[in-house]
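Enquirer: Numbering (the working numbering), first residue to last: 1 to 224.
No residue lacks a Cβ here, since even glycine has one placed at the ideal position from N, Cα and C.
Small disclaimer: the values here were computed from a predicted structure and weren't measured.
The structure follows.
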């Protein structure tokens with residue numbers, strides 16, 4: 001027996017593959033959770049104060065009606081996360097994480113698809129992040145009293161915080177909105193949640209893209 005073969009053991013690649021496979025099985029469920037939370041936060045933005053009438057009347061902030069948290073940080077991320085989770089557990093042997101190890105080269109298309117979906121999820125979460133930031137900065141669409149020097153003086157629907165002299169984050173001005181009640185707090189809360197969720201999604205999808213590239217080199221096999 002040639003003892004020099006001992007030094008050619010594939011231990012480092014198998015260790016790398018173990019890391020890649022485990023990383024995939026962690027990132028997938030995390031993205032699934034974030035995708036569901038993103039959809040929930042955006043849907044709640046459509047029903048300020050738990051009321052339906054504002055959505056029916058069209059009195060909803062335009063960034064909320066665009067639903068970036070549903071299609072961007074939600075559905076696209078969930079599609080990627082579902083595939084990532086399935087691939088991660090499949091390459092561990094089976095859904096219970098036991099059994100013979102399957103080498104990644106048997107299914108190269110799934111590794112490539114995982115990277116592509118992760119890229120789309122990254123774009124979707126980035127869109128959600130940007131639109132949520134705009135919605136948070138511009139403030140909510142609400143009924144407010146206009147100033148006396150305006151032609152249509154009196155209560156009207158609009159965006160009072162778009163005015164450079166009005167700041168959404170100045171809580172002393174939040175009473176400017178007469179209806180829906182508490183709309184500024186509602187929008188600040190859920191748009192901030194969408195910002196945080198989409199930021200986390202961008203980080204995790206970026207990690208998965210890197211992880212997928214390593215997976216195409218080392219495989220997802222855990223060396224079992």
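Go through its chain and collect everything with a Cβ distance to residue 213's Cβ below 8 Å, but skip five positions before and after it.
Expert: Closer than 8 Å at Cβ, skipping near neighbours: 115.
Enquirer: Classify residue 212 as helix, strand or coil using the three-state DSSP reduction.
Expert: Residue 212 falls in the helix class under three-state DSSP.
Enquirer: By Cβ distance, which residues of its chain are closer than 6 Å to residue 42, with the 5 residues on each side in sequence left out?
Expert: For residue 42, where only same-chain residues beyond five positions count, the Cβ hits under 6 Å are 67, 69, 70.
Enquirer: Taking only the alpha-carbon atoms, compute the straight-line gap between residue 61 and residue 54 and give it to the nearest angstrom.
Expert: Distance between the alpha carbons of residue 61 and residue 54 is about 10 Å.
Enquirer: Could you tell me which of 86, 59, 140 sits nearest to residue 191, measuring between CA atoms?
Expert: If we check each option's Cα against that of residue 191, 140 comes out closest.
Enquirer: Tell me the DSSP secondary structure of residue 54 in three-state form.
Expert: DSSP places residue 54 in helix when its eight states are reduced to three.
Enquirer: Between 58, 120, 178, which lies nearest to residue 202 when the distance is taken from Cα to Cα?
Expert: That would be 120, whose Cα lies nearest to the Cα of residue 202.
Enquirer: State whether the stretch 70–83 contacts the stretch 120–133, with contact taken as three or more CB pairs (one from each stretch) at a distance under 8 Å.
Expert: Yes: the two stretches touch, three or more of their Cβ pairs being nearer than 8 Å.
Enquirer: What is the residue span of the alpha helix (DSSP H) that residue 64 lies within?
Expert: Residue 64 -> alpha helix (DSSP H) spans 62–65.
Enquirer: Per DSSP, residue 143 is paired with what?
Expert: Note: residue 143 sits in a beta bridge opposite 157, 179.
Enquirer: Given a threshold of 16 other Cβ atoms within 10 Å of its Cβ, counted over all protein chains shown, does residue 144 qualify as buried or as exposed?
Expert: Buried is the call here.
Enquirer: Determine whether the Cβ of residue 63 lies closer than 8 Å to any Cβ atom of chain D.
Expert: Within the model displayed, chain D is absent; a lone protein chain is all it includes.
Enquirer: Which residue wins for smallest C-alpha separation from residue 133, given the options 37, 58, 198?
Expert: The residue with the shortest Cα to Cα distance from residue 133 is 198.
Enquirer: With a threshold of 16 other CB atoms inside 10 Å of the CB of residue 25, please say whether the residue is buried or exposed.
Expert: Burial call: buried.
Enquirer: What is the DSSP secondary structure of residue 83, counted as helix, strand or coil?
Expert: Of the three classes helix, strand and coil, the one that applies to residue 83 here is helix, per DSSP.
Enquirer: Which residue from 50, 118, 157, 184 puts its Cα closest to that of residue 82?
Expert: That would be 118, whose Cα lies nearest to the Cα of residue 82.
Enquirer: Got a sec? Which residues, its chain only, sit under 6 Å from residue 32 by beta carbon, not counting five neighbours each side?
Expert: Cβ neighbours of residue 32 beyond the five flanking positions: 81.
Enquirer: Return the CA-CA distance between residue 51 and residue 40, expressed in angstroms with no decimal places.
Expert: Approximately 16 Å, taken between the alpha carbons.
Enquirer: Quick one, which of 155, 87, 146 has its alpha-carbon nearest residue 163's?
Expert: Nearest option by C-alpha distance: 146.
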